[in-house]
Each structure stands twice: as C-alpha cells, then as structure tokens.
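Protein chains: 2
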Amino acid sequence: MTVLGTAETFKRDWVDGFVTAYGREVRKVPDAYGVVATDVPKRGKVAVVIGGGCGHYPAFAGLVGHGLADGAVVGDVFTSPSAEQVHRTAREADGGAGVLFGYGNYQGDVLHFGLAARRLAAEGIDSRTILVTDDVASGPSEDPASRRGVAGDFFVFKVAGAAAERGDDLDGVHAAAVKANARTRTFGAAFGGCTLPGAAEPLFTVSDTDMELGLGIHGEPGVRTVGRLAATELADELVDGLLPELPSGDGRVAVLLNGLGRTKYEEMFVAYKRIHERLTAAGLDPVHIEVGEFVTSLDMAGVSLSAMVLDDELAALYAAPCSSPGYRSDGRPAAPVRPSVTVDDTLATPQHAGESTVDRALTAALRLIEANEDELGRLDAVAADGDHGLGMTRGMRAAVTAARRCTGPAEQLLAAGTAFADAAGGASGALYGVLLAETGAGLRGEITAETLADAVDNAAAAFTTLGKARPGDKTMLDAIEPFRTTLRAAVHGSAGRSDTGADIADAWRKAAQAATVAAQETADLVPGKGRAARLAERSKGHADPGATSFALLVTAVGDVLGGQN
Amino acid sequence: MTVLGTAETFKRDWVDGFVTAYGREVRKVPDAYGVVATDVPKRGKVAVVIGGGCGHYPAFAGLVGHGLADGAVVGDVFTSPSAEQVHRTAREADGGAGVLFGYGNYQGDVLHFGLAARRLAAEGIDSRTILVTDDVASGPSEDPASRRGVAGDFFVFKVAGAAAERGDDLDGVHAAAVKANARTRTFGAAFGGCTLPGAAEPLFTVSDTDMELGLGIHGEPGVRTVGRLAATELADELVDGLLPELPSGDGRVAVLLNGLGRTKYEEMFVAYKRIHERLTAAGLDPVHIEVGEFVTSLDMAGVSLSAMVLDDELAALYAAPCSSPGYRSDGRPAAPVRPSVTVDDTLATPQHAGESTVDRALTAALRLIEANEDELGRLDAVAADGDHGLGMTRGMRAAVTAARRCTGPAEQLLAAGTAFADAAGGASGALYGVLLAETGAGLRGEITAETLADAVDNAAAAFTTLGKARPGDKTMLDAIEPFRTTLRAAVHGSAGRSDTGADIADAWRKAAQAATVAAQETADLVPGKGRAARLAERSKGHADPGATSFALLVTAVGDVLGGQN
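First to last, the sequence lines map onto chains A and E.
full-length UniProt numbering numbers the first residue of the first sequence as 1 and each following residue consecutively.
full-length UniProt numbering numbers the first residue of the second sequence as 1 and each following residue consecutively.
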C-alpha cells in the first residue's frame, strides 16, 4: 500500500523535493513539470531531453546531469507528460544545437513528444527522436517498432548523453542513440504488483505462487506465467529470453540487472551469479556490469535483465564519466573477475552417526534442533529477528562436521564450539560456541559424573562472563543454571556409589528435565507478530529462545548417554 | 514473500554475484565471507573494516572502495559475522597501519568483532573500534551506548574512510569516526515488514492502517504506533523525533533520507520536500543531502531520517570524493536551492457553476466524471495502468478552470482542450484535448443544430487522424462514431422545423444515449486483476475506458442543454 503522497499533488511534490535535495545538479523548469541540469543551456551542445511518466526513479529525472541527460520531462505516475510540458522543458534545455528526445515507445509519449517536436520546429528549434524499444516481451522481433521501452532506456540515454557531451552534432548524437537502441534488449519478470500513489488497492497483483515473465513496467500483462522460481531458475529464464534476441557482435556486452522496486539487492546478486555464468558460457564478455535500481516501477517486485551489444564506440560512450543524482560513473569500465572459490561453509548434513559418544550426542542434538527449527524461529521472531532456528541448525551441522575431524571428547568439543560460533554467527553463536568449547576444556582427563559437573560449571561461568546475563533475566542462562545445579546435586546424590555411566546418564537427564521446565517458563509464548504482542512479550522478558534450544540440546545428549539414541 | 535465494546458501551466493558484478572494485577474501577493495592492502594506510549481518545492501559490502571502506565482513541475514570471518577479512585488509573496525552497536557484532580484535592484537595488529549508536529510538539520550546503529552507519563510515584516505594514523581515523558518530542521529518509521530469504512468512508485519515509529532495521519493535500518515505528517514526525536529539553546531548538517527497501523513491522526495522546509525553519543549513537507499532492511517498507552536525573537518571528510559500488561522489558538496515556485497545476475545484452554457456543460461533465472516477480507474486497470479516472478528473478540472478565463464557446472550448491535454497527460489526455478544441473550432459563428453537428464531425475526424483508431477497434472511437452519426441523423430529422435550443438538446441527448449504449458494450467488464483476466479482456479488446468517459461527458452536456442542470 502506498503511504506517502496523494495522487493529485504527487508529481509536483516529489519534483520539488528532488530539486531541493539535488539542487547542486538540477533545477526545475519554470512553470513546468520538468528538470534541467543547473548549467544548461550549454551553448552549442546538443540537448538530450528524456522523459515519460513518473514512478520509475531514477528514470527519468534522476538521470539529468553531467554526461547524461540535459533535461527530463515528468509526467504523472505511469502517464506521459503533456506536449506543453515537453515543449517548455526542451526550450529550457536547448543550447542552439538542437534537441535529442529520448523516451520509451508508448503511445502517449509518442503523441505528446511528437506534438512538442512539431511546435519546436515551428519555432526554428531542430530536434530528433529516439524511441527506445528494448522489451523483447512486448512485440515480435520482426516488428521492433511494436516493442516498449523499459530498462534499456538507461543504456540509450547514457550513450546519447556521452555523445552529446563529447560534442557530436544532432545527427551524430541521434545516430549513436539509434545504434545503442538497435543493440539493446531486455527481458524481465515480476513477482508482485505495485500500488499507485493514493490508490487504495494494488494496480495489479501476481499470485504468491507465480512469477510473470515479460511483464511491463506499468503492469502490462506478461507473456507467460510460471511458478515461483529459485534464483538460478529465474536467471536461466531471463538469459534464455534474452540470448536469442541479442544481435551479433564481437562478444562484448554491457549488462544491467535492474530491480523494479521491492526486490532485495542481495537477491539480485544471487541471480546475477548465475546470469554471469550463463552469459560467459554463451561466449559473451560482460565488460560493464551494473546491478541495482535504474528504471523502477514504484514498489513492484521483480527484475529485468538488459544487455547492450558493444562495439568500440558504444563501449567508450557507455563507459564515459557522468554524474547525476541517480547514476554516477568515474569512467572506469568494469573488469569483472570470476567468482572466488566459495567457502566450505560446512553445511553438509552428516552422512551417518559418528562413533564416539560426543559424535552421537552432537548428532542427536542436531536432529532435535532440526526438528524444532521452525518453532525456534517463531519464538525468536517474538522480539528479535526470527533466525535463531536457522542459526542453531547451521551451527550444529558445523559442530557435528568439525567434531568428526578430531578424536577425544575435549578436542571434539573444542572444535565443535569454534565451528558452531563460526557457522551460526550472532550472539547466540558465540555463546553456544563458548558452552561447547569450555565444556570440552573440562573433559581432558577421565570422565566421571564429578568431572562432568565441573566441566558444566566451568562452561556456565564462561558463558555468564561473556554474555553478561544474570539469573532472572529470562535468558538462556535461566535454563543453564537449573541444569548446572541439578546436575551437581544429582552427582552428589550418587556420591559413594560406583560412578558408572548409568549414574552419569541419570544425573544428566535429571538436569535436562530441570532445564526443560525452566525453558518452558521462558518460552511459553503466543507467537504474536504485531508490535503489541511483541512488546508485551519483550516486557515479560520472553525474548530469548536460547533457553529452549539449550534444553533441546541437553535433552538429546541425555538420551544418548542413557543409550536411547 | 522472498523469491530468490535459499537461507543456507544465500550469503555465499550473493557475495559471489557481488564480487563478479563489481570485480573492478572489490574482491572476495579467500575462504571467508568478506570483501576487500581490489587494491588492498595499501601499505601504510589505516584499513577501515566494516561489517554486520547482510540484508542491508549497499551497507556493508557495497561501501567498499576508494575513499570509503577497505573491507567489509558479511554475516548471515541480520546476523553478526563470526570472529573468524572478521579476523580473516581484517588480516587481508591490513596495510601495516592498523585497522579501524566500524559497525552498529549490536551484541553479536560487539562479541565477534571484539574477539577478532583480541586475536589481531595477539598477532601484533593494532585496531580501534567505532560502535555506531545513531538510532535515537533505541535508547535514552542519557545512555547513548544503549543505542543501536542504523542509517547513521553511512555517515560514520564515509568520514572514517575519508580520514584514512587522506593519511590519518589509526588514532586520527578513530577520532574522526568518534566525532562523526557523536554528531549523528537517526529516527525512522516503518509501514511494512520484511521477509527473510527462504522464509515462508514475514519476519514481522505492520498493520495496513499503522506506521511504527522508531522500528529497528531488523524489525526490533518501535517506540510508538500511529495511524498511516500523509507525507508531510510523516516528515513532521521524523523531524520532531530528530531535532531535540541533535547536538548543537554552527547549523550546517548533512542529511540522509534513507529508504528501507520497498518505499518508492518519488515518495521519499515528497517527504523530503517537507523535511527540508522544517529543517531550514529550525535554523539548520542542509549543505549535503542524499535521498536514496543506503542502509536497507531487505524489503521493509519505511524510511529513516539521519542528520550529522557538521564542522569544517566533518564537512570536508564527508564531501571528499569516493567510489564504491553502492555510493560514488565526485566530491562536490551539495548546494541545495529552495524549491522553485510550484506550478499552478489548476487542480482547484471550481467554486461555483459558471455562467455560459459551455461553463455549465463542462462543470456538469466534471461532476459526472468525478462521481465515476473510481469506476473508470477499475475499467482502465483491466488492461492498462488504472489511472484513467484520475486523469479524466484532473483534465476536466483544468478544462473548467481554463474555460472560466475566456469568453465565447469557441475560445472557451479551445482553452479547455489545451488545458485538459496539459493536465491529464497521456494518450487520452491528448485525444480528449483534441475533441474539445476541435469542437470549439467549429463553433465560431452562430450555433445551430447543423453547425454543432458539423463541429462534432470535425472533432471526430481530427480524433481519428491523431488516434489512429478504426471503428471496431473497441476504443473511444466506437462511442464517438454512434454519437456523431446519431447526432447528424437527429439534426436532419429536425430539418425544416425551427432550429431551437430544444431541437439541439433533443438531438444531442439522442446521440448521447447512442454513445452510452456503445460504451456499455466495450465496458462490460469483470474488473479482474490477475494476468489471465487481464489478457482475456485485452484479447476481447475491452481495454479502453475512454468510451465510457466519453459517454459520461456527452450525457452531462446533454442534461445541461436540456436545462436539467
């Protein structure tokens, strides 16, 4: 849902805010919804004037600046600006060398820019027009004029701006822009609709279980609906949609992975990893890559992949330095490297239960944590970021794998603790790592109920020092403490009797039961997600699912010690 | 819902994609989830190493580059990186002059970066740490150490990076960063939750009717829930939350309006317009302004407002040139200008009905269009962008206002047509403008039923030429044509009788009924929003609500001619 801005004043207000924030580089065209670079008109320089409906920032106004556009005309959301607005903006930008108009191929823009061009001609101002037609999903390849302009706008405007900046005349700037458009293709996908400012409901929606391939930047229906794809599958769809449409060249391409608004940057990089593999496997050499938001669609969820087949001229023009509020380049082309060898992040699930008691105990703990991963996440989400379950699983898997690489309980638990902290990350990662490692540190000699209780005391003490928690804070410590004291008491209770494994198991399981009871106290939550519920839970101190995961861990270990696993 | 990436491999995959796309500037730390600038280690230069959980791009890895950070450690989503990862990245970045660690004040980061710092010290590598604590909502002003680091990270990292770049030693870089943090404050608001990669449901949600003030970048509960606010109201809340917390200075401030992920850029500019007014009214001088996405929270909807109180040193360091994948600056500080006088966009609703028949007819048409604005929008959304109702209302209001400024039907309709096209924009704006203007052009002399029919013929012809539509295309023309022919027939039918106003009204209303019948044929739609429904409707040619709005317009005019309005 759109929160800010009302439909009627939206355009005026955001343009005002834009020229205020970036007044160093852009100024408003008097009495018009247009912006120009602060230093226009530039005598004798071709003026590049771009535009279209708004809702696509940084396109179009954000691309006004040195080495890019001289001016941009701003229409209402997803609506062409009027001929009057185009005319005023072009007159303001014209430096006497004529105007190159650049915009996407939409009927409204064609009508209004066309009317403005005729009016300029009547006033003796020469102009040319480049209609961007990069969207392969919007028309057949035999009829490129039927295609819409989408993220490829950026390539074409950048090339035109650089050509004008280097002093080309109007025909020269036009020729460069025509070549850029002829060599640019885009294919996109959307997974969620967008909402117009002031509108009560989305302009359109995409089912939670679907993706729409080829959907237009104004929500124009796509060419194909598919189920939700993983990153690599989506990357393949984008590349497969683009490659057959690419004109031939010497292999060099500029690549743009464009976010439509709501798609997370990190997700785009996940997709780009695969895209790059596919492009290079197809013999292409991406010499200039951008991943980000260049031509957005309000808050639409989705991405588009654009490529421009380069020659020496286009490579030089595209890489030329520029500076605008929405895009700056220092002029150095990208020199991509292959991805580094990725880390062994020890995520492999153990193939089989290990031999030693520590192996079996850690594996049992991993299984129980895995079984409760979602619940731990829900508990964590009550007042924190909900990833405790994921972190615990990741940590325990790493712990199990690391323990396999050593022998002896002390060494195995030290390795497990370090690996856990490394894999789980976060505060709980560090704290669990300490618990495992310090327990291990206490088990160098013969293991008796007594030495085990000492080791647990030692680990609990280190935990308290590092975690700065006090009993009663309703943290993991409130499960550790009853575990520690119950274990100690049970061990004393068994004093005098032979110190058998059965005694150890019995004492441990009594302690685990105490930890479980304590954990239930702190974890007895309604998994509410609203602020009220989360604040209420937090005020009750019920924020730490660590108590629950600790209870699960020691319970699993107890089962192993008792021979039940 | 998150589409791309799975929880377990998300971090590895996006970092691989990132270093592949921006390999010119960054490379991966071997066997670690960290990135460093391609040219590190820089002998004798202090290494600035930042980091934290991921999900905040361009923070943190996107801020690695010349004049900014030398390295960034990448944790899992919203989770601190491990001490091991921090240690490996810092060793890779260290150029022998020591390491400045910069990160937000979160327990996990404090634990892991702290452990890494101790390990580096044991290896003879000196380090300092700056904990960013800019979030005023996360703790009391008496206890700044209790505060979290949010978007203010960017100010502090930029200053530290510039200080290291100019050659300050470790204590100097640390001192600059400490000063930047002490002078930086942030206050934010969220209107929608975010979803972790691979998670089935949002980490948290905010009610559609609420905003949460002071919500943390990981979804930590905010300090206050308010109803949805308009842009200016939200701007006031942000400014009111920030101003009392700002330390005193000479008035110069750097300002950052940061988007959390899903908030539209144009919406942020709407808010910034008001924010700037408030800041300057409070005697502050925003000498460097950025509006964009700097420290995001996956796809969270919301914004945060940050300010850093500048002195000469901070102003110079913050404005120093830098180049990283996520932020580039050519070193010229912003010199904001006040917003231009805004355009009179003729949105004022007429205060009273006008005097002339044209005034009354246009006013009546405006009223009927207003009453049907939502329905027209729904019809338009079936296969287009849903703004037809808004555009028609805006256009008719401008037409009514413009007509008021002239006298005589021809002049009034010409003015109304131009104003309509200007205000409504879009293809329909241009086409309606032509209809009004060309009808007026036909009414220069005495107005009879005959001359009116001629004028309508003339307008319809111009419309057809410009719109390139043919009868049967199911466009607005399919309502215009029956209107035109019915009017012509009715006028012939009245031939021989005295050409009274009653005859004109009668003929016009017959024609309007014909237009209404035709419009209902094209507008008989299920307002489906899914792709299937929209494609189906589009294939039926039911895409143009212009026929309906035309029928409404001529019906209202007919009522006026008939004296019913």
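The beta carbon of each residue, even a glycine, is placed where N, CA and C say it ideally should be.
| Item | Value |
| --- | --- |
| Closer than 8 angstroms by beta-carbon distance: list the chain A residues that pair up with A107/E, in chain order. | The identity of residue 107/E in the sequence shown is Gln, whereas the question assumes Ala. Result: A427. |
| Could you please give the first and the last residue of the uninterrupted alpha helix (DSSP H) stretch that includes L100/A? | No alpha helix (DSSP H) contains L100/A, which is instead part of the beta strand (DSSP E) from V99 to G104. |
| Here's a check: name, in chain order, each residue in its chain whose Cβ is nearer than 6 angstroms to the Cβ of residue 577/E, leaving out the five neighbours to either side. | Nothing about residue 577/E can be read from this structure; chain E reaches only from 1 to 565. |
| In whole angstroms, what is the alpha-carbon distance linking D380/E and G219/A? | 12 angstroms |
| Would you kindly report the start and end of the unbroken alpha helix (DSSP H) that includes M476/A? | It is not in any alpha helix (DSSP H) - M476/A carries neither H nor E in the DSSP assignment. |
| Excluding the 5 residues flanking F204/E on each side, which residues of the same chain have their C-beta closer than 6 angstroms to its C-beta? | G193 and G219 |
| Please list the partners that F18/A has in chain E, where partner means a Cβ-to-Cβ separation under 7 angstroms. | F269 |
| Report back the beta-carbon spacing between residue 616/E and C322/E to the nearest angstrom; my notes put them in contact at under 8 angstroms. | Since the displayed chain E opens at 1 and closes at 565, residue 616/E lies outside it and no answer follows. |
| Looking at the unbroken beta strand (DSSP E) that takes in F187/E, where does it start and where does it end? | T184 to G192 |
| If you follow the beta strand (DSSP E) that V36/E is in, where does it begin and where does it stop? | G34 to A37 |
| What is the DSSP secondary structure of E290/E, counted as helix, strand or coil? | strand |
| If you reduce the DSSP assignment to three classes, tell me which class T205/A lands in. | coil |
| Based on DSSP bridge pairs, tell me the residues matched to S248/A. | Partner(s): none; S248/A has no beta bridge. |
| Measuring straight from C-alpha to C-alpha, what distance separates E201/A and R378/E? | 10 angstroms |
| Could you check which residue in W508/A, A416/A, T418/A and L431/A has the C-alpha nearest to that of L452/A? | W508/A |
| Pick out whichever of A547/E, R43/E and L310/E has its Cα sitting closest to the Cα of D473/E. | A547/E |
| Quick check: what's the CA-CA separation for W14/E versus A21/E? | 10 angstroms |
| By a C-beta neighbour count over all protein chains shown, 10 Å radius and 16 as the cutoff for buried, is R444/E buried or exposed? | exposed |
| Which same chain residues, not among the five before or five after L466/E, have their C-beta less than 6 angstroms away from its C-beta? | V434 |
| Excluding five sequence neighbours on each side, which residues of the same chain lie with their C-beta closer than 7 angstroms to the C-beta of G426/E? | G391 |
| Identify whether A319/E lies in helix, strand or coil by the three-state DSSP scheme. | helix |
| Is it buried or exposed for S146/A, if we count other Cβ within 10 angstroms and need 16 for buried? | exposed |
| In three-state terms, what does DSSP make of H66/A? | strand |
| For R328/A, go through chain E and note every residue whose CB falls closer than 7 angstroms to its CB, in chain order. | R328 and D330 |
| The beta strand (DSSP E) that contains I50/A, what's its start and end? | A47 to C54 |
| Looking only at its chain, what residues have a beta carbon closer than 7 angstroms to the beta carbon of T393/E, apart from the 5 residues adjacent to it on each side? | I369, E370 and E373 |
| Output yes if chain E places a C-beta closer than 8 angstroms to the C-beta of P81/A; else output no. | yes |
| How big is the Cα-Cα spacing for A180/A and V159/A? | 7 angstroms |
| Given a limit of 9 angstroms on CB to CB distance, which residues of the stretch 248-267 of chain E reach chain A? | V255, L257, G261, R262, T263, K264, Y265, E266 and E267 |
| I'd like to know whether the C-beta of Y57/E is nearer than 8 angstroms to at least one C-beta of chain C. | Of the protein chains in the structure, A and E, none is chain C. |
| If you measure between the beta carbons of S324/E and G62/E, is that distance less than 8 angstroms? | yes |
| Is the beta carbon of R185/A closer than 8 angstroms to that of F235/A? | Contrary to the premise, residue 235/A reads as Ala rather than Phe in this sequence. No; because the gap between Cβ atoms is not below 8 angstroms, this pair is not in contact. |
| Just curious, the alpha helix (DSSP H) that Y265/E is in, first and last residue? | Y265 to A281 |
| Under a CB-based cut-off of 8 angstroms, is H87/E close to chain A? | no |
| So the candidates are K264/E, H276/E, V491/E and S329/E; which of them puts its Cα closest to the Cα of G302/E? | K264/E |
| Terminal residues of the continuous beta strand (DSSP E) containing G124/A? | Taken as a continuous stretch (DSSP letters only), G124/A belongs to no beta strand (DSSP E), as it is neither H nor E. |
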